[in-house]
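Positions in the sequence shown are counted from 1; adding 414 to them yields the working numbering.
Reviewing the structure listed below.
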Amino acid sequence: MRILVTGASGRLGLNLALKAAELGHEVIAWSGSRVLQGAPFASRAVDLTVYSKLGKELDAEAPEAIINCAAFTNLELAEREPWLAEGINATVPGELARLAAERGMRFIQISTDAVFDGRKGDYSEEDAPNPVNVYGRTKLEGEQRVLHYHPGACVARVVFYSWGPAGKPSLAEFFYDHLAAEHTVSGFTDAIFSPLYGPQLAETLLEILDAELYGVYHCFGADSLSKYAFGVALAREFGLDETLMSPKSALEFNPDTPRALNLSMDSSKLAAAFGHALPGLDAGLDALHADLQSGLRLRLLGMSPKEG
Ligand SMILES: NC(=O)c1ccc[n+]([C@@H]2O[C@H](COP(=O)([O-])OP(=O)(O)OC[C@H]3O[C@@H](n4cnc5c(N)ncnc54)[C@H](OP(=O)(O)O)[C@@H]3O)[C@@H](O)[C@H]2O)c1
């Protein structure tokens with residue numbers, strides 16, 4: 415399939431573009447302001463907020479499907495400058511979905527567990543979202559606009575860890591780099607999540623395209639745990655010193671940006687649609703480890719984007 419991946423200079427976008435190309439898809443990768451180096455697929459920078467040009471850009475590429483991984487993911491900056499998050503997280507997805515629907519292109523919008531308030535946990539697609547910060551609110555608005563303009567689109571709510579390009583590290587890279595350097599690192603004992611390994615999430619998104627699913631789907635790992643417990647499990651996987659993990663409360667961290675605490679997620683709707691469960695933590699950490707050994711981390715770092 416000819417797939418356009420937006421946000422391809424980001425962590426999920428780059429892992430997804432690479433996985434899709436490996437699996438034989440024809441990949442067109444759009445980054446935002448930065449340009450990928452030496453990627454094994456077509457890539458270029460396209461500012462998605464230049465709305466007047468988007469239709470022509472899509473016509474020129476003529477993808478069969480778009481997976482929108484572009485987002486404004488800096489939670490703290492989103493609180494201070496909400497209009498930036500509003501544009502990329504809410505307006506852009508709506509515009510892209512509208513243009514895709516007009517052209518008969520399939521569309522997957524990447525969303526987040528942060529649309530929930532974290533008071534209940536074990537959230538399914540039936541639970542009412544109630545975001546606690548600007549990032550979550552704008553991502554929820556993006557979901558709503560996408561489904562309004564493109565009823566055949568899929569909203570995939572995710573949380574993931576992965577190796578990735580240079581820049582802000584994923585949680586796995588953050589823990590791994592500190593532990594490998596024998597530095598103490600804090601992990602939140604009261605922030606619960608259901609993470610999926612990035613390349614496994616990429617395969618899940620491609621399976622959603624294959625199965626022609628539409629509507630909202632939770633795409634999370636089969637295991638829910640605290641970020642502290644994730645760090646301990648990662649230390650064990652890599653034979654690193656787990657006593658360097660220091661238990662902390664998320665409530666002590668940056669009180670200016672509200673955060674949801676219990677974001678354990680239920681992905682049974684997607685598992686039922688696929689006819690198989692999504693990978694759990696052990697399978698994810700095994701793959702993270704194998705990918706480090708096979709050189710994926712260095713490969714992704716080598717493709718790190720530079721300012722355009
Ligand atoms: N990381 C997580 O665990 C997590 C958790 C929940 C949900 N998500 C969701 O997963 C998706 C991917 O997240 P990520 O962590 O991979 O994000 P990321 O690393 O911050 O990457 C964001 C991407 O968006 C692009 N972008 C930003 N503004 C743009 C614009 N105006 N025009 C075109 N592209 C633009 C960036 O391009 P440039 O840098 O080149 O400008 C970059 O490629 C997002 O939808 C996010 O909300 C992530």
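All C-beta atoms, glycine included, are put in the ideal place defined by N, C-alpha and C.
- Rounded to a whole number of angstroms, what is the C-alpha to C-alpha distance between Val441 and Lys433? One-based indexing of the sequence shown puts residue 441 at position 27. One-based indexing of the sequence shown puts residue 433 at position 19. Looking at the two C-alpha atoms, the distance is approximately 10 Å.
- To the nearest angstrom, report how far apart Val560 and Ala567 are at their CA atoms. Along the sequence shown, read from residue 1 onward, the residue named residue 560 stands at position 146. Along the sequence shown, read from residue 1 onward, the residue named residue 567 stands at position 153. In a straight line, the C-alpha of Val560 is about 7 Å away from that of Ala567.
- Looking at Leu610 and Phe574, is the spacing between their C-beta atoms short of 7 Å? Your numbering for residue 574 matches position 160 in the sequence shown. Your numbering for residue 610 matches position 196 in the sequence shown. The answer is yes: Cβ separation under 7 Å.
- Item | Residue from Asp604, Pro543, Leu426 and Ala474 with nearest C-alpha to Arg416 | Walking along the sequence shown from the start, residue 416 turns up at place 2. The residue with the shortest Cα to Cα distance from Arg416 is Ala474.
- Does the count of Cβ pairs from the segment 677-684 and the segment 550-559 closer than 8 Å reach three? The segment 677-684 makes no contact with the segment 550-559: fewer than 3 CB pairs, one atom from each, lie closer than 8 Å.
- Query: Asp461: beta carbon under 6 Å from a heavy atom of ligand 1?
  - Reply: As a first step, residue 461 is located in the sequence shown; it is residue number 47 there, counting from the start. At least one heavy atom of ligand 1 is nearer than 6 Å to the Cβ of Asp461, so yes.
- Message: Nearest by alpha-carbon distance to Ile524: which of Lys720, Arg711, Gly629 and Glu478 is it?
- Response: Counting from one through the sequence shown, the residue named residue 524 turns up at place 110. Answer by Cα proximity: Gly629.
- Under the assumption that Leu695 contacts Leu639 (Cβ atoms under 8 Å), give the Cβ distance between them as a whole number of angstroms. Stepping through the sequence shown from its first residue, residue 695 is reached at position 281. Stepping through the sequence shown from its first residue, residue 639 is reached at position 225. Right, their Cβ atoms sit about 7 Å apart.
- Item | Exposure of His562, with buried meaning 16 or more beta-carbon neighbours within 10 Å | Residue mapping note: residue 562 aligns to position 148 of the sequence shown, counting from 1. So His562 ends up on the exposed side.
- Count the other CB atoms, across all protein chains shown, that sit within 10 Å of the CB of Thr526; report buried if there are 16 or more and exposed otherwise. Along the sequence shown, one-based indexing puts residue 526 at 112. It is buried - the Cβ of Thr526 has at least 16 other Cβ atoms within 10 Å.
- Message: Does Phe486 pass the burial test, meaning 16 or more other C-beta atoms within 10 Å, or should it be called exposed?
- Response: Here residue 486 is taken as the residue at index 72 of the sequence shown, counted from 1. That one is buried.
- With hydrogens ignored, establish whether the beta-carbon of Leu756 is closer than 6 Å to any heavy atom of ligand 1. No answer is possible for residue 756: the residues shown for the chain start at 415 and end at 722.
- Message: I believe Asn544 touches Phe530 by the beta-carbon criterion, under 8 Å. Please report the beta-carbon distance rounded to the nearest angstrom.
- Response: Position 130 of the sequence shown, counted from the first residue, corresponds to residue 544. Position 116 of the sequence shown, counted from the first residue, corresponds to residue 530. At roughly 7 Å, the Cβ-Cβ gap stays under 8 Å, so Asn544 and Phe530 are in contact.
- Are Cys483 and Gly446 closer than 7 Å when you measure CB to CB? Position 69 of the sequence shown holds residue 483. Position 32 of the sequence shown holds residue 446. No, the Cβ-Cβ distance between Cys483 and Gly446 is not below 7 Å.
- Query: Quick one: does the C-beta of Gly446 sit closer than 6 Å to a heavy atom of ligand 1?
  - Reply: Residue numbering aside, residue 446 sits at position 32 when the sequence shown is read from its first letter. Yes, the beta carbon of Gly446 sits closer than 6 Å to at least one heavy atom of ligand 1.
- Comparing the CB of Val569 with every heavy atom of ligand 1, is any distance shorter than 6 Å? Stepping through the sequence shown from its first residue, residue 569 is reached at position 155. With a threshold of 6 Å, the Cβ atom of Val569 does not count as near ligand 1, since no heavy atom of the ligand is closer than that.
- Query: Between the segment 587-605 and the segment 645-660, do at least 3 Cβ pairs fall closer than 8 Å?
  - Reply: yes
- Query: Phe589 to Thr420, Cα distance in whole Å?
  - Reply: Stepping through the sequence shown from its first residue, residue 589 is reached at position 175. Stepping through the sequence shown from its first residue, residue 420 is reached at position 6. Using only the alpha carbons, I get a separation of about 27 Å.
- For Pro719, which option in Ser663, Glu587 and Gly581 has the closest C-alpha, if you only look at C-alpha atoms? In the sequence shown, residue 719 corresponds to position 305, counting from 1. Nearest of Ser663, Glu587 and Gly581 to Pro719, Cα basis: Gly581.
- What's the gap between the Cα of Glu478 and the Cα of Pro661? In the sequence shown, residue 478 corresponds to position 64, counting from 1. In the sequence shown, residue 661 corresponds to position 247, counting from 1. Spanning the alpha carbons of Glu478 and Pro661 requires a straight line of approximately 46 Å.
- For Asp700, which residues from the same chain have a beta carbon less than 8 Å from its beta carbon, with the 5 sequence-adjacent residues on both sides left out? To locate residue 700, count along the sequence shown from 1; it is residue 286. Taken in chain order, the residues that qualify are Glu651.
- Spatially closest choice to Leu437 from Leu489, Glu509, Tyr549 and Leu619, by CA coordinates: Here residue 437 corresponds to residue number 23 of the sequence shown, with the count starting at 1. Of the candidates Leu489, Glu509, Tyr549 and Leu619, the one whose C-alpha sits nearest the C-alpha of Leu437 is Leu619.
- Message: Helix, strand or coil for Glu666? Go by DSSP, reduced to three states.
- Response: Mapped onto the sequence shown, residue 666 falls at position 252. Reduced to three states, the DSSP call for Glu666 is helix.
- Give the secondary structure of Gly629 by DSSP, where H, G and I count as helix, E and B as strand, and everything else as coil. Against the sequence shown, residue 629 aligns to sequence position 215. Gly629 sits in a strand when the DSSP states are folded into three classes.
- Message: Shorter than 6 Å, the distance from the beta carbon of Gly421 to the closest heavy atom of ligand 1, or not?
- Response: Against the sequence shown, residue 421 aligns to sequence position 7. Yes, Cβ of Gly421 sits closer than 6 Å to a heavy atom of ligand 1.
- Item | C-beta contact flag for Ala570 and Tyr631 at 7 Å | Translated into the one-based positions of the sequence shown, residue 570 becomes position 156. Translated into the one-based positions of the sequence shown, residue 631 becomes position 217. For the 7 Å CB-CB criterion, Ala570 and Tyr631 form a contact.
- Please indicate yes or no: does the CB of Arg512 lie closer than 6 Å to some heavy atom of ligand 2? Ligand 2 is not part of this structure, which contains only ligand 1.
- Message: Tell me which residues share the same chain as Ala368 and place their Cβ nearer than 6 Å to its Cβ, disregarding the 5 neighbours each side in the sequence.
- Response: This structure cannot speak to residue 368, because the chain is shown only from 415 to 722.
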